[in-house]
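Chains as they are written, first to last, in the numbering used here: chain A, 38 to 213; chain B, 88 to 745.
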Amino acid sequence: MKFQYVLPFLVFGLIAVALGVGLTLKPSEIPSALINKPVPEFSLPPVKGRTDGFSSADLKTGKPSLVNVFASWCIPCRAEHPILTAFAKRGVAPLYGLNYKDKPDAARAFLDELGDPFTKIGADLNGRVSIDWGVYGVPETFVVSGDGRIIYKHIGPMTEATITDTILPLLEKLQK
Amino acid sequence: MIAEIGQFALILTLALALVQMVAPLVGAQRGAPSLMALARPLAVGQFLFVALAFAALTAGHVLDDFSILNVAANSNTAKPMLYKVAGVWGNHEGSILLWVTILATFGACVALFGNNLPAGLRARVLAVQAGVAVGFLLFSLLTSNPFARLDPAPLDGRGLNPLLQDPGLAFHPPFLYVGYVGFSIAFSFAIAALIEGRVDAAWGRWVRPWTLAAWCALTIGIALGSWWSYYELGWSGWWFWDPVENASFMPWLSGTALLHSAIVVEKRNALKSWTILLAIITFSLSLLGTFLVRSGVLTSVHAFATDPSRGIFILAFLWLVVGGSLALFAVRAPALKASGLFAPISREGGLVLNNLFLSIAAATVLLGTLFPLALDALTGQKVSVGPPYFNRTFVPLMTPLLVIMGIGPFLSWKRADLAGVLGRLKGAAAITGAVVLVTLLIADRASAATLLGIGLGVWLAASTLSEWAGRVRLFKSGWPARLRRLPRAAWGMSIAHLGMAVTILGITVSLSWQTEKLIILHPGDSVAVAGYDFTLDEVAPVTGPNYIAQRGTFTVRRGGKLVTTLHPEARTYQNPPMETTEAGIRPLLLKDLYAVIGDPDENGGWGVRIYVKPLISWIWAGSLLMMLGGLVSLSDRRTRMGAPARRAKTMPATVAAE
């Protein structure tokens, strides 16, 4: 067997292995540039029907917290809502909501229909605050430390597995 | 009911493909004509059933049957009919079904029109073709079933991504897939030849028309995609070296090489194992493209299906098909003896250089596409190889290729007289030099890269035209008759090469001399861009079938005289909610006027972007010419009539591995 005829096979072998390894990685896990940075300064009005707004001061109370970016028009948000509700019931950490580019009535109807697990919600009507957070799609969820630094960012809908495998251990570590 | 018919038809297609994959192959090995003869009816049957499945899914989309998950997830009652039909392939499951349908169509074409193929070769080709189909059918049925039901059915569907609701993009995937899948025929022929252990001139002649047809479709598919990003994405870019664009560009590069090396096999009986390898690589790159797009391995704006189980399936399939065929190549190709010898300076030599540069170009794109992935796999580092890498590697590769492209057609087969050929190219060289010099003198902002691009484009056009003129001995006695007798294949080559020149000029000139202005305009305001006065007359809301939009009206005047009116729109789709821009474009012969309307400010002004882009439409006009050249060549009598009978003297059917 001549080497030059085997060469294409060998080259392909290398590429195939790289592709195989590549598949085990999660391309959606793009590290946020804001990890370990303080949360951006903001102060948002409440969503329709609530009295509490949400501001950066809420995240610097010494206790770690979760910030979830959601919108009523986002289908995956609907899917993750029960999981967020279950998380809030555990009472491990406060869950804050960032309501992204939503119509006030639609946001209200969304919470009325599915329940409201959030400690406080800020209505980010024009999406400016979310841009400061580096949000590029909804839903996204951030873990914030007690002194107001972004520790972790989850892209896409929450799952049971993410809560138990990633979020809860992180919060536990932060609470120590 | 319709969905179940489609589902059963798809399963039956799989059953037929399984038989077709095995029986004819066994028949060909054992010399059993009855088994070999099964291939043709099976291929036709496979086509009929998969067409039925495709028709069933189309019916689901057209009739708004939201009990089918695929329809509910991707369609919507408010969607215009064109996009209901285009929505069939505007999603993962449907596009895989389209892929299988085209694959079966090509197989049926070989079965129906392959009368002049030897029975053994035809049986093997169809068996390999069926093997590829089995892989994709299993993929469709196991991981991406287009007919999955949804219970309870929703009242309305979620709608199609608004960016995809566009006539250009509606037809982009079918053309692209005809191109991708068309290369499967060249692949099947290559594998069949390796199994048979023989490749001859007749083989080259059978492979070429299929490759040419696939190449034409791929060319127009890529052009449509780039045209779409030009007018739909709203920042007037037309090529981004995005992984998904690269996925279609790599098979195009190697397919172009294959097209040319198959000529050498056909005419000179040389470069055989190389051509076989190219056929395998070209189809492998098509499969790789599918893997990259469908598995979500690379993050890209295009990847709308990210599901690891699908990725694993495609990867396993890729390993099997590509690894298997390259292993077969390693074992069998050494037995393919080259018989046509040639001197380095010859038509063959020119085509070898063409192949060399095109293959390196394809490898470069492959490296740039996979490097971020490999680095991530090895070190966990995330990088993005951007346009700078591709621009820096591509220009040095294309420059010699385009120079040779002008010379190559003058060279004669076997041994050519380089001095004589260069003498005949004096005119083309003089024209090129003159144009570059004039550009340097009259144009401002003429960088070295600009001059290089213009020089290459003019050189290619001038040398192609002078080759054509020399061949018919233009204006010498009897030239109209010679013009009529000129084979269509020769016409095809001239047209396609001219198309390449037009595209090069379009790219160079539009990049070098485009004018861009970002400005806030109030209705009534005017702005002058590159000698044109753009007046924003008004911005008014309009309502489309499934969107609302702010529509701007620009009046464009030059020296006070009305040129045109432009209507850019900023659209907001309701279902799914998304904002898109529709640029207002007026293509003129020598430039495009391009306007985009953005967000309003607090004082009633509108952010607008205006571009004047010289020669940009030449990029796509050139692509059209390339496709046209391919079609003209395809209509050549010799390609249609097929190959002459094989010479009796051939290698034994089986050869022991070395």
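Note that beta-carbon positions come from the ideal geometry of N, C-alpha and C, so glycine has one too.
Less than 9 Å separates the beta-carbon of Gly244(B) from that of Asn161(B). In the DSSP assignment, Arg658(B) falls within the beta strand (DSSP E) that extends over Glu656 to Gln661. Among the residues facing chain B, Tyr189(A) is not included, as its CB has no counterpart in that chain under 9 Å away. Under the three-state reduction of DSSP, Ser92(A) is assigned to strand.
In this chain, the alpha helix (DSSP H) harbouring Ile582(B) covers Arg575 to Trp600. Under the three-pair Cβ rule at 8 Å, the segment 312-322 of chain B does not count as touching the segment 270-281 of chain B. Along the length of the segment 76-133 of chain A, whole alpha helix (DSSP H) runs at least 4 residues long occupy 112-127, reported in chain order. Look at Leu405(B): its C-beta is under 9 Å from a C-beta on chain A.
In this structure, Ile367(B) lies away from Ala289(B), with their beta-carbon atoms at least 9 Å apart. Cβ neighbours of Ala403(B) within its own chain (closer than 7 Å, five residues either side excluded): none. Per the Cβ contact rule, the segment 197-204 of chain B is not in contact with the segment 170-183 of chain B (fewer than 3 Cβ pairs under 8 Å).
The DSSP-derived three-state label of Gly717(B) is helix.
Taking 9 Å as the threshold, the shortest C-beta distance from Gly244(B) to chain A does not fall below it. The three-state secondary structure of Gln133(B), taken from DSSP, is helix. Going by DSSP, Gly685(B) is part of the beta strand (DSSP E) stretching over Lys678 to Pro687.
For the pair Ile187(A) and Pro131(A), the Cα-to-Cα distance works out to about 15 Å. Among the residues facing chain A, Leu112(B) is not included, as its CB has no counterpart in that chain under 9 Å away.
Residue contact check for Ala53(A) against chain B: a CB pair falls below 9 Å.
Boundaries of the beta strand (DSSP E) around Ser613(B): Ser613 to Val616. Between the beta-carbon of Leu125(B) and that of Leu224(B) there is about 18 Å, and that puts the pair past the 8 Å contact cut. Contact with chain A is absent for Pro628(B), since none of that chain's Cβ atoms lies less than 9 Å from the residue's Cβ. For Arg673(B), the secondary structure class from DSSP, reduced to helix, strand or coil, is strand.
Under DSSP, Tyr698(B) forms a beta bridge with Glu603(B) and Tyr681(B).
Residue contact check for Ser360(B) against chain A: a CB pair falls below 9 Å. When Tyr264(B), Leu204(B), Ala214(B) and Leu185(B) are compared, the shortest CA-CA separation from Ser227(B) is found for Leu185(B). Per DSSP, the continuous alpha helix (DSSP H) segment holding Ile278(B) begins and ends at His259 to Glu283.
Taking CB atoms only, Gly159(A) has no neighbour in chain B less than 9 Å away. The beta-carbon of Gly57(A) is placed less than 9 Å from the nearest beta-carbon of chain B.
Taking CB atoms only, Tyr42(A) has a neighbour in chain B less than 9 Å away. With at least 16 other beta carbons inside 10 angstroms of its own, Asp139(A) counts as buried. In the same chain as Val294(B), and ignoring 5 residues on each side of it, the C-beta atoms closer than 6 Å to its own belong to Ala273, Phe276 and Ala349, in chain order. In its chain, beyond the 5 residues on either side, Ile494, Phe497 and Leu498 have a beta carbon closer than 8 Å to the beta carbon of Val508(B). Comparing alpha carbon positions, the residue from His148(B), Ala104(B), Arg419(B) and Phe153(B) closest to Leu135(B) is Ala104(B). Taking a beta-carbon distance threshold of 9 Å, Ala414(B) counts as an interface residue toward chain A. For Arg644(B), the enclosing beta strand (DSSP E) begins and ends at Tyr634 to Arg645. DSSP links Leu135(A) through a beta bridge to Val106(A) and Gly159(A).
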